[in-house]
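Note that our numbering has the sequence shown beginning at 399, numbered continuously upward. These notes concern the structure reproduced below.
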Amino acid sequence: MAAEFPPQVISIECQCTQESPCRDLFEMADRMLEQPEVLTNSILLGFPYADVPEMGSSVIAVTDDDPALARELCQRLAGQMWRQRKHLVGQPLDVQASIDLALQSESPVCLLDMGDNVGGGSPADGTWIAQALFERGVENSIVVLNDPDCVQRAAAAGPGNTLTLQIGGRSGPENGAPLEASFTVKSLHDGKFVESQAMHGGYSSFDQGLTVVLTTAGLTVVVTSRRMVPFSLGQLTSCDLDPGSFRVLVAKGVNAPIAAYQSVCPTFIRVNTDGCTCADATRFEFHDRRRPMYPFESDTDWNP
């Protein structure tokens with residue numbers, strides 16, 4: 399067995415194995431497995447928000463009693479990863495540019511809210527995209543926000559009634575200000591649903607707590623009592639909503655929501671929102687990571 403640890407971080411939005419250059423690396427690894435002496439190999443993309451010395455990307459190869467071959471394969475794979483390092487750092491769009499691009503599409507578009515990536519540990523109450531959609535009056539748009547207090551107020555008002563609410567943005571200024579508007583309560587739901595298909599992480603049973611569907615100025619806001627990963631369209635269909643009827647759908651994730659939303663949205667746009675899971679890891683302060691490391695230190699030099 400052998401391993402290589404190139405001093406680099408792969409941006410979270412570049413870790414989708416369905417898209418190049420990440421896909422190319424995995425195809426290269428698969429070709430190596432065609433050699434009978436190679437038992438297995440792995441590409442460990444790494445979690446770019448972990449402030450530990452082990453943070454970063456690495457590769458492993460296991461051979462049938464041939465350590466020299468294992469080292470060679472690791473060096474080749476890690477070397478290719480390193481040569482692609484500039485392409486493994488994302489260049490995402492800001493909120494307004496993302497909406498501009500989405501509105502050019504004739505089919506539904508999913509905006510991936512990377513700064514509020516629930517699967518990465520975010521609070522699910524980031525309002526940057528919701529606020530922009532509301533202010534621009536984008537018709538047939540939908541977003542899910544976590545705000546148990548607003549759920550209780552809307553539930554008390556009841557379906558068909560209108561009330562002024564400040565939704566989301568409660569976890570800190572980096573997640574945006576609360577979305578304030580006059581909302582009509584469309585419906586109430588228990589927030590429980592089951593996903594029957596194979597989706598990200600293998601989750602099947604979900605419970606986001608009491609959930610309300612609110613509408614205002616073309617924007618539909620699904621407000622949950624519990625933060626919930628967007629791994630299933632059941633998050634919407636369990637609320638009697640048809641995902642395909644919306645023009646712009648916001649999913650709070652980076653790569654994980656794609657499996658759920660691709661049946662409805664041919665186009666995905668990763669949005670560079672602020673938040674605790676902001677896609678640009680260089681904006682965070684690290685204390686325990688390795689140094690030097692690309693892209694934090696852009697002049698980092700390394701040879702496998």
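Each residue gets a CB set at the ideal place from its N, CA and C atoms; glycine is no exception. Only a predicted model underlies this, so the values are computations on that prediction, with no experimental measurement involved.
Pull up the CB-CB distance for residue i and residue j, whole angstroms please, since I reckon it's below 8 Å.
| i | j | result |
| --- | --- | --- |
| Pro-557 | Gly-607 | Incorrect: roughly 18 Å between the Cβ atoms, too far for contact. |
| Val-507 | Ile-667 | 6 Å |
| Leu-509 | Val-669 | 5 Å |
| Gly-673 | Gly-519 | With a Cβ gap of about 10 Å, Gly-673 and Gly-519 do not count as contacting. |
Can you check which of these residues, the options, is closest to residue i by C-alpha distance?
| i | options | result |
| --- | --- | --- |
| Arg-624 | Asp-638, His-587, Ser-643 and Ser-696 | His-587 |
| Asp-678 | Pro-490, Leu-634, Pro-405 and Asp-462 | Pro-490 |
| Ser-580 | Pro-693, Ala-555, Gly-589 and Asp-697 | Ala-555 |
| Asn-701 | Trp-480, Pro-465, Gly-519 and Asp-464 | Trp-480 |
| Arg-551 | Ala-522, Gln-494, Gly-632 and Val-621 | Val-621 |
| Glu-452 | Glu-695, Thr-698, Tyr-692 and Asp-686 | Asp-686 |
| Gly-439 | Ala-468, Ser-418 and Pro-446 | Going by the sequence as given, residue 439 is Asn instead of Gly. For Asn-439, the nearest C-alpha among the options comes from Ala-468. |
| Gln-660 | Leu-631, Thr-680 and Lys-650 | Leu-631 |
| Asn-544 | Asn-573, Pro-405 and Arg-534 | Asn-573 |
| Glu-417 | Ser-496, Val-652 and Val-460 | Val-652 |
| Ile-540 | Met-691, Pro-628, Arg-688 and Arg-681 | Pro-628 |
Would you mind reading off the limits of the beta strand (DSSP E) that contains residue i?
| i | result |
| --- | --- |
| Ser-398 | The chain is shown only over 399 to 702; residue 398 falls outside these bounds and no answer can be derived. |
| Phe-591 | 590 to 592 |
| Thr-461 | 456 to 461 |
| Ile-565 | 560 to 565 |
| Thr-415 | No beta strand (DSSP E) contains Thr-415, which DSSP labels as neither H nor E. |
| Ser-602 | No beta strand (DSSP E) holds Ser-602; DSSP gives it neither H nor E. |
Does any heavy atom of the ligand ZN sit closer than 8 Å to the C-beta of residue i?
| i | result |
| --- | --- |
| Asn-538 | For the ligand ZN, the structure offers nothing, since it holds no ligand at all. |
Where does the unbroken alpha helix (DSSP H) through residue i begin, and where does it stop?
| i | result |
| --- | --- |
| Ala-658 | 656 to 659 |
| Glu-425 | 420 to 430 |
| Leu-475 | 465 to 481 |
| Cys-548 | 546 to 555 |
| Glu-533 | 526 to 534 |
| Asp-498 | 493 to 500 |
| Thr-635 | 632 to 635 |
Within a Cβ cutoff of 7 Å, which residues of the same chain sit near residue i, ignoring the five residues on either side of it in sequence?
| i | result |
| --- | --- |
| Asp-462 | Glu-435 and Leu-437 |
| Asp-638 | Ser-585 |
For residue i, which residues from the same chain have a beta carbon less than 6 Å from its beta carbon, with the 5 sequence-adjacent residues on both sides left out?
| i | result |
| --- | --- |
| Val-457 | Glu-402, Ile-441, Cys-472, Leu-475 and Ala-476 |
| Ser-505 | Pro-664 |
Within the same chain, show all residues whose beta-carbon is closer than 8 Å to that of residue i, passing over the 5 residues directly before and after it, in chain order.
| i | result |
| --- | --- |
| Gly-444 | Val-407, Ile-408, Met-453, Gly-454, Ser-455 and Ser-456 |
| Thr-635 | Phe-591 and Pro-641 |
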